[in-house]
Structure formats: structure tokens, C-alpha cells
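Residue numbers for the sequence shown follow the numbering used here, so the first one is 1 and each next one is one higher. Worksheet: the structure to be examined is printed underneath.
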Amino acid sequence: MKISSRFTIAVHTLLCILLFEDEKITSNFLAGSVNVNPVIIRNILIQLQKADIITVKRGTGGIKLNKKAKDITLFEIFESVESLDGKLFSFHKKPNSKCPVGNNITKILLPKLDDIQKSMEKELKKTTLKDIFNDLKNNI
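Written out as C-alpha cells, the structure reads:
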């Protein structure tokens with residue numbers, strides 16, 4: 001299972017909101033920066049708004065962060081736009097229980113995959129939007 005690009009598009013979008021905070025930002029403007037269809041941006045904005053990360057003014061535009069960038073973690077962004085139903089990894093249904101691998105794969109692999117997911121989540125929680133924004137500013 002591959003994680004979709006929604007997460008990286010959301011981060012890109014939030015960085016634009018920070019960088020161009022004095023301008024009225026529209027989904028068309030953001031779509032131009034990300035180089036995707038504005039509908040994709042609008043869907044991401046809806047998800048970010050539902051997660052209370054941003055506020056969007058309809059019509060003439062205007063998007064604002066609801067909290068400081070230092071208080072928004074990558075994990076919060078990830079959770080708002082990715083629908084993984086709590087699990088990053090999934091198993092195929094009904095492995096052959098008569099096979100020694102099929103009979104044991106879930107119970108031996110699941111704890112390891114859970115640890116991997118917890119590690120990823122821990123790293124996402126340690127990194128803030130402000131951290132990424134600072135990296136961006138250092139590269140402009």
C-alpha cells in the first residue's frame with residue numbers, strides 16, 4: 001500500500017499559506033504552485049479545514065492557519081488528509097492456514113509493522129510545519 005500524495009500536497013499548500021501570508025491565496029494560486037488541478041487543492045483544503053488546521057474564506061480568497069506553524073506537526077497534517085483507518089499496513093485476506101507461512105504471517109509480521117508505524121508517527125510528531133518552513137526559507 002502506497003501513501004498517496006495528499007500528504008505532501010497538504011504540506012506544500014500549508015507552506016504556500018505561510019510564505020504568502022500577506023496575499024489573498026486562492027485554490028487556483030495553490031494549484032499553480034503544486035501543479036495540480038484546483039479541485040485537488042480544494043479537496044485538501046476541505047480536509048485541512050475539517051481538522052481545524054486552517055480557515056478558508058470563500059469567494060475572493062484568503063486562507064489562514066488556525067494556530068502557529070510551530071504548533072502544527074506533520075503527524076497532524078498526515079492524519080487530516082490520509083485515510084488509513086488507523087493502520088499503515090494491511091494484510092491480504094485469508095492466507096492459506098494449511099501453509100506454515102500463511103498460518104503464521106499475520107501474527108509474526110503484525111507486531112513488527114505496528115512498531116514501524118509507531119516509529120513513523122513518532123517522527124511525524126517531532127517535526128513541525130515551522131521546521132519545514134525554516135528549511136524552505138533557507139533554500140530560497
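From the three backbone atoms N, C-alpha and C, an ideal C-beta is built for every residue, glycine too. Computed from a prediction, not measured in an experiment: that's the story for all the values here.
What residues match up with residue 65 in a beta bridge as DSSP calls it?
54
Hey, could you find the ends of the alpha helix (DSSP H) residue 82 is sitting in?
Counting along the chain, residue 82 falls outside any alpha helix (DSSP H), and DSSP gives it neither H nor E.
Below 8 Å between beta carbons: does that hold for residue 7 and residue 77?
yes
Classify residue 39: buried if its beta carbon has 16 or more other beta carbons within 10 angstroms, exposed otherwise.
exposed
Run the CB neighbour count on residue 106, radius 10 Å, all protein chains shown included, and call it buried at 16 or more, exposed below.
exposed
When the Cα atoms are used, what is the spatial distance from residue 13 to residue 86?
24 Å
In whole angstroms, give me the CA-to-CA distance for residue 67 and residue 93.
Each residue's alpha carbon lies about 42 Å from the other.
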